[in-house]
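Data block below; observations after.
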Amino acid sequence: MVIRVYIASSSGSTAIKKKQQDVLGFLEANKIGFEEKDIAANEENRKWMRENVPENSRPATGYPLPPQIFNESQYRGVRKQF
Numbered sequence: 001m002v003i004r005v006y007i008a009s010s011s012g013s014t015a016i017k018k019k020q021q022d023v024l025g026f027l028e029a030n031k032i033g034f035e036e037k038d039i040a041a042n043e044e045n046r047k048w049m050r051e052n053v054p055e056n057s058r059p060a061t062g063y064p065l066p067p068q069i070f071n072e073s074q075y076r077g078v079r080k081q082f
């Protein structure tokens, strides 16, 4: 079981940065192993994340924003749902 957290290392949004820090901090504090997948530095990560967030969890307009959490390839949600 691998937890994958899709993040954006170069996000200009302080809200996104805070959400990412909250998720990563929670996982680290609870000694839960995870992989960071950077969508800003890797186009394949960005494409995979966008394609694998379920329709009912996507925003009304635009693309899903990080952080997005997956267990292997199973979608687990964003910070609120995690």
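Under full-length UniProt numbering, the sequence shown has 32 at position 32, and the numbering climbs by one with no breaks. Beta carbons are placed, not taken as given, at the ideal position from N, Cα and C, and that holds for glycine.
Presumed contact (8 Å Cβ cut-off) between residue i and residue j, rounded CB distance
{"i": "Glu72", "j": "Val2", "result": "6 Å"}
When the options are compared against residue i, the one with the closest alpha-carbon
{"i": "Ile39", "options": "Ala15, Ser10 and Val78", "result": "Ser10"}
{"i": "Val53", "options": "Asn42, Phe70 and Glu44", "result": "Phe70"}
{"i": "Asn56", "options": "Lys31, Gly25 and Val78", "result": "Val78"}
Proximity of residue i and residue j at Cβ, strictly below 8 Å
{"i": "Pro66", "j": "Ala8", "result": "yes"}
Straight-line Cα distance separating residue j from residue i
{"i": "Lys37", "j": "Thr61", "result": "23 Å"}
{"i": "Ile16", "j": "Ala41", "result": "16 Å"}
{"i": "Thr14", "j": "Glu44", "result": "24 Å"}
Kindly confirm or deny that the segment 38-50 and the segment 13-30 touch, where touching means at least three C-beta pairs closer than 8 Å. no
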